Amino acid sequence: MLDREGFRPNVGIILLNTQNEVWWGKRVREHSWQFPQGGIKFGETPEQAMFRELEEEVGLRSEHVKIIGRTRDWLRYEVPDRFIKREIRGHYRGQKQIWFLLRMVGRDCDVNLRLTDHPEFDAWRWHDYWVPLDVVIEFKREVYQRALQELSRFLTRPTQSGTPRHPARPRSMPQPQNSGDTNTAAADPPNES
67 MLDREGFRPN VGIILLNTQN EVWWGKRVRE HSWQFPQGGI KFGETPEQAM FRELEEEVGL
127 RSEHVKIIGR TRDWLRYEVP DRFIKREIRG HYRGQKQIWF LLRMVGRDCD VNLRLTDHPE
187 FDAWRWHDYW VPLDVVIEFK REVYQRALQE LSRFLTRPTQ SGTPRHPARP RSMPQPQNSG
247 DTNTAAADPP NES
């Protein structure tokens, strides 16, 4: 399902633990790391798609997480031609994503990467909120940066017990070179979620 401009509706998920670390997944048989994400099916809301993708890719259900926030609008990016199947070039341009920030209320052992027959990830770890974007495929980096920056306003400061308490200050993060809305960042080619 593409919009009139050739962008596929998609959701991205930033999952936090009580220490404001993010869930970081290693793609199956690749050396790249990313956040969970996937397409919005016809008739689904972004929130419904987010919960479906969270379960399919990470094995977590709605009772394992709490929604903290989401991006105000779509974050768009274009996929380079070399990542687009030949038969859809000219129609497909990229992805437009709504990003969700979730707090894990379940346990680490609730994560199940093998819930489906076609897992997306073969390993995962908790990582500092400002993940090193150089391990993200180049065309996804700007959208990751924009999502992390926009959603950082929802962060809270962890207490000694690990329970979030006061607003946290975002750590400095390189700003995009172009302050305008560019479409040069983040997600998978149309045949991937």
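All residue numbers for the sequence shown refer to the numbering used here, where the first residue is 67 and numbers rise by one.
The C-beta atom is built at its ideal place from N, Cα and C for all residues, glycine as well.
Computed from a prediction, not measured in an experiment: that's the story for all the values here.
Does any C-beta atom of chain D lie closer than 9 Å to the C-beta of residue i?
i: Thr137; result: Of the protein chains in this structure there is only one, and it is not chain D.
Looking at the unbroken beta strand (DSSP E) that takes in residue i, where does it start and where does it end?
i: Leu120; result: Counting along the chain, Leu120 falls outside any beta strand (DSSP E), though it belongs to the alpha helix (DSSP H) covering 112-124.
i: Arg74; result: 73-82
i: Gln103; result: 103-105
i: Arg93; result: 88-93
Note down the Cα distance separating residue i from residue j, rounded to an integer number of angstroms.
i: Asp194; j: Arg127; result: 23 Å
i: Val77; j: Arg95; result: 23 Å
i: Arg74; j: His130; result: 28 Å
i: Glu110; j: Pro198; result: 32 Å
i: Asn83; j: Tyr158; result: 35 Å
i: Arg212; j: Cys175; result: 30 Å
i: Arg93; j: Val124; result: 12 Å
i: Asp147; j: Phe205; result: 11 Å
i: Arg155; j: Leu120; result: 29 Å
i: Phe149; j: Arg142; result: 16 Å
i: Trp165; j: Ser218; result: 12 Å
i: Trp196; j: Glu153; result: 37 Å
i: Pro185; j: Arg70; result: 31 Å
i: Lys162; j: Val145; result: 11 Å
i: Phe187; j: Gly91; result: 6 Å
i: Asn244; j: Glu208; result: Interpretation of Asn244 is limited by its pLDDT of 37, a score under 50 that renders its predicted location unreliable; the figure taken from the coordinates is listed afterwards. The alpha-carbon atoms of Asn244 and Glu208 are separated by roughly 10 Å.
i: Ala89; j: Leu214; result: The displayed chain sequence assigns Trp, not Ala, to residue 89. For Trp89 and Leu214, the distance between alpha carbons rounds to 13 Å.
i: Val171; j: Arg138; result: 24 Å
i: Arg173; j: Glu216; result: 26 Å
i: Lys132; j: Tyr210; result: 21 Å
For residue i, which residues does DSSP report across the bridge?
i: Thr137; result: Note: Thr137 sits in no beta bridge, so no partner.
i: Arg127; result: The partner list for Arg127 (beta bridge, DSSP) is empty, contrary to what the question assumes.
i: Gln100; result: Gly91
i: Arg142; result: Lys162
Relative to the alpha-carbon of residue i, which residue among the options has its alpha-carbon at the smallest distance?
i: Pro102; options: Ala189, Ser218, Pro146; result: Ala189
i: Glu122; options: Arg180, Ile154, Arg212; result: Arg180
i: Val202; options: Ser98, Arg191, Gly104, Glu153; result: Ser98
i: Arg191; options: Asp200, Asp183, Asn178, His184; result: Asn178
i: Phe220; options: Ile134, Lys151, Arg70, Arg118; result: Ile134
i: Thr182; options: Lys151, Trp90, Arg118; result: Arg118
i: Met116; options: Lys132, Arg138, Ile79, Phe108; result: Ile79
i: Thr222; options: Gly172, Trp140, Glu113, Leu168; result: Leu168
Locate the alpha helix (DSSP H) running through residue i, then write down its first and last residues.
i: Val201; result: Here Val201 belongs to no alpha helix (DSSP H), and DSSP marks it neither H nor E.
i: Gln85; result: Looking at the DSSP string, Gln85 is not in any alpha helix (DSSP H), and its letter there is neither H nor E.
i: Leu214; result: 207-217
Which runs of the beta strand (DSSP E) at least 3 residues long sit entirely within the region 144-199? Give them in chain order.
Here the runs fully enclosed are 160-170, 187-193.
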